[in-house]
(Lines of atoms letter the chains of each structure in order from A and count residues from 1; the text may use other names and numbers.)
(Lines give C-alpha, C1' and ligand atoms only; values in the text may rest on other atoms or scores of the structure.)
Protein backbone atom coordinates (compact mmCIF):
# COMPACT_ATOMS: atom_id res chain seq x y z
CA UNK A 1 0.00 0.00 0.00
CA UNK A 2 1.19 3.51 -0.79
CA UNK A 3 2.57 5.52 2.04
CA UNK A 4 1.23 8.67 3.60
CA UNK A 5 4.42 9.21 5.55
CA UNK A 6 5.63 12.79 5.60
CA UNK A 7 2.32 14.39 4.64
CA UNK A 8 1.05 17.36 6.61
CA UNK A 9 -2.55 16.70 7.64
CA UNK A 10 -4.85 19.36 9.08
CA UNK A 11 -7.42 18.04 11.56
CA UNK A 12 -10.42 20.21 12.47
CA UNK A 13 -12.30 18.58 15.35
CA UNK A 14 -14.08 20.27 18.25
CA UNK A 15 -14.13 17.18 20.48
CA UNK A 16 -10.73 17.14 22.21
CA UNK A 17 -10.74 13.39 22.85
CA UNK A 18 -11.50 12.57 19.21
CA UNK A 19 -8.97 15.14 18.02
CA UNK A 20 -6.20 13.68 20.20
CA UNK A 21 -7.03 10.16 19.04
CA UNK A 22 -6.90 11.09 15.37
CA UNK A 23 -3.72 13.07 15.94
CA UNK A 24 -2.03 10.08 17.62
CA UNK A 25 -3.13 7.75 14.81
CA UNK A 26 -1.80 10.06 12.09
CA UNK A 27 1.47 10.58 13.93
CA UNK A 28 1.87 6.79 14.21
CA UNK A 29 1.78 6.80 10.39
CA UNK A 30 4.56 9.44 10.38
CA UNK A 31 2.31 12.29 9.29
CA UNK A 32 2.85 15.80 10.53
CA UNK A 33 -0.39 16.92 12.16
CA UNK A 34 -1.83 20.38 12.68
CA UNK A 35 -4.90 19.88 14.87
CA UNK A 36 -7.33 22.29 16.45
CA UNK A 37 -10.93 23.07 17.20
CA UNK A 38 -11.33 26.18 15.04
CA UNK A 39 -10.47 27.05 11.48
CA UNK A 40 -8.94 30.38 12.57
CA UNK A 41 -6.62 28.60 15.03
CA UNK A 42 -5.51 26.14 12.36
CA UNK A 43 -4.84 28.77 9.73
CA UNK A 44 -2.86 30.79 12.26
CA UNK A 45 -0.74 27.73 13.17
CA UNK A 46 -0.13 26.86 9.53
CA UNK A 47 1.01 30.39 8.76
CA UNK A 48 3.14 30.73 11.90
CA UNK A 49 4.98 27.49 11.15
CA UNK A 50 5.09 28.17 7.39
CA UNK A 51 3.56 24.76 6.67
CA UNK A 52 2.26 23.38 3.40
CA UNK A 53 -0.61 21.02 4.24
CA UNK A 54 -1.43 18.20 1.84
CA UNK A 55 -4.75 16.95 3.24
CA UNK A 56 -7.66 18.17 5.38
CA UNK A 57 -9.69 16.07 7.82
CA UNK A 58 -12.84 18.13 8.34
CA UNK A 59 -16.30 17.66 9.74
CA UNK A 60 -18.79 17.24 6.85
CA UNK A 61 -20.62 20.12 8.53
CA UNK A 62 -19.87 22.17 11.64
CA UNK A 63 -23.46 23.37 11.99
CA UNK A 64 -22.78 26.60 10.12
CA UNK A 65 -20.64 25.59 7.16
CA UNK A 66 -20.29 22.46 5.06
CA UNK A 67 -17.01 20.60 4.63
CA UNK A 68 -16.85 22.04 1.11
CA UNK A 69 -17.12 25.59 2.48
CA UNK A 70 -14.50 24.88 5.15
CA UNK A 71 -12.15 23.42 2.52
CA UNK A 72 -12.72 26.47 0.28
CA UNK A 73 -11.77 28.75 3.15
CA UNK A 74 -8.56 26.80 3.77
CA UNK A 75 -7.77 26.97 0.05
CA UNK A 76 -8.37 30.73 -0.04
CA UNK A 77 -6.28 31.37 3.09
CA UNK A 78 -3.44 28.96 2.30
CA UNK A 79 -3.38 29.46 -1.44
CA UNK A 80 -3.66 25.90 -2.70
CA UNK A 81 -6.34 23.32 -3.38
CA UNK A 82 -6.42 20.50 -0.83
CA UNK A 83 -8.37 17.24 -0.77
CA UNK A 84 -10.58 16.76 2.28
CA UNK A 85 -12.01 13.77 4.11
CA UNK A 86 -14.89 13.76 6.57
CA UNK A 87 -16.30 11.02 8.78
CA UNK A 88 -20.00 11.00 9.58
CA UNK A 89 -22.80 8.89 10.95
CA UNK A 90 -25.39 11.06 9.21
CA UNK A 91 -26.95 8.84 6.56
CA UNK A 92 -28.61 11.84 4.87
CA UNK A 93 -25.18 13.46 4.36
CA UNK A 94 -23.77 10.21 2.98
CA UNK A 95 -26.71 9.96 0.57
CA UNK A 96 -26.11 13.55 -0.61
CA UNK A 97 -22.39 12.81 -1.05
CA UNK A 98 -23.12 9.69 -3.10
CA UNK A 99 -25.44 11.82 -5.26
CA UNK A 100 -22.57 14.25 -5.89
CA UNK A 101 -24.04 17.11 -3.87
CA UNK A 102 -21.10 17.22 -1.45
CA UNK A 103 -17.43 17.19 -2.41
CA UNK A 104 -14.55 15.66 -0.54
CA UNK A 105 -14.56 12.07 0.62
CA UNK A 106 -17.08 11.01 3.24
CA UNK A 107 -16.54 7.91 5.32
CA UNK A 108 -19.27 6.29 7.38
CA UNK A 109 -18.91 5.93 11.15
CA UNK A 110 -17.59 3.81 12.62
CA UNK A 111 -14.50 4.14 10.47
CA UNK A 112 -11.56 1.79 10.92
CA UNK A 113 -8.00 3.09 10.77
CA UNK A 114 -7.46 0.98 7.63
CA UNK A 115 -10.44 2.63 5.90
CA UNK A 116 -9.20 6.09 6.83
CA UNK A 117 -5.69 5.30 5.65
CA UNK A 118 -6.96 3.94 2.32
CA UNK A 119 -9.09 7.08 1.82
CA UNK A 120 -6.08 9.28 2.62
CA UNK A 121 -3.88 7.43 0.12
CA UNK A 122 -6.60 7.73 -2.53
CA UNK A 123 -7.14 11.42 -1.84
CA UNK A 124 -3.43 12.17 -1.97
CA UNK A 125 -3.10 10.27 -5.24
CA UNK A 126 -6.20 11.96 -6.61
CA UNK A 127 -7.84 8.62 -7.31
CA UNK A 128 -10.84 8.92 -5.01
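Numbering (our numbering), first residue to last: 301 to 428. The C-beta atom is built at its ideal place from N, Cα and C for all residues, glycine as well. Just so it is clear, the structure is predicted and the values come from calculations on it, not from any experiment.
What residue does the alpha helix (DSSP H) around residue i start on, and which one ends it?
i           : result
residue 422 : 413-425
residue 352 : Neither: residue 352 is in no alpha helix (DSSP H) and is coded neither H nor E.
residue 373 : 367-378
Taking residue i as the reference, which of the options has the closest Cα?
i           : options               : result
residue 347 : 311, 369 and 334      : 334
residue 369 : 402, 330 and 344      : 402
residue 406 : 386, 378 and 424      : 386
residue 378 : 345, 336, 316 and 362 : 345
residue 339 : 395, 303, 397 and 364 : 364
residue 393 : 316, 425, 366 and 384 : 366
residue 330 : 316, 341, 304 and 342 : 304
residue 423 : 397, 384, 396 and 411 : 384
Might you give, ordered along the chain, the residues of its own chain that have their beta carbon closer than 7 angstroms to the beta carbon of residue i, omitting 5 neighbours on each side?
i           : result
residue 375 : 381 and 382
residue 327 : 333
residue 395 : none
residue 342 : 310, 312, 334 and 336
At which residues does the beta strand (DSSP E) containing residue i begin and terminate?
i           : result
residue 408 : 405-408
residue 397 : Where residue 397 is concerned, there is no enclosing beta strand (DSSP E), although the alpha helix (DSSP H) it sits in stretches over 391-398.
residue 386 : 384-388
residue 319 : Where residue 319 is concerned, there is no enclosing beta strand (DSSP E), although the alpha helix (DSSP H) it sits in stretches over 316-328.
residue 364 : No beta strand (DSSP E) contains residue 364, which DSSP labels as neither H nor E.
Taking only beta-carbon positions, decide if residue i is within less than 8 angstroms of chain C.
i           : result
residue 315 : In the displayed structure, chain C is absent; only one protein chain is listed.
Near residue i, which residues of its chain fall below 8 angstroms by C-beta distance, leaving aside the five closest residues on each side in sequence?
i           : result
residue 413 : 325
residue 411 : 387
Quick one: measure Cβ to Cβ for residue i and residue j, integer angstroms, because I've assumed they're closer than 8 angstroms.
i           : j           : result
residue 337 : residue 314 : 5 angstroms
residue 359 : residue 416 : Actually they are not in contact, since the Cβ atoms of residue 359 and residue 416 sit about 14 angstroms apart, beyond 8 angstroms.
residue 371 : residue 404 : 6 angstroms
residue 388 : residue 409 : 6 angstroms
residue 356 : residue 322 : Going by Cβ atoms, the distance from residue 356 to residue 322 rounds to 12 angstroms, so no, they are not a contact pair.
Residues in its own chain within less than 6 angstroms of residue i by CB, not counting five upstream and five downstream?
i           : result
residue 397 : 406
The segment 337-354 in contact with the segment 301-312 per 3-pair CB rule at 8 angstroms: The segment 337-354, when compared against the segment 301-312, does touch it at the 8 angstroms Cβ threshold.
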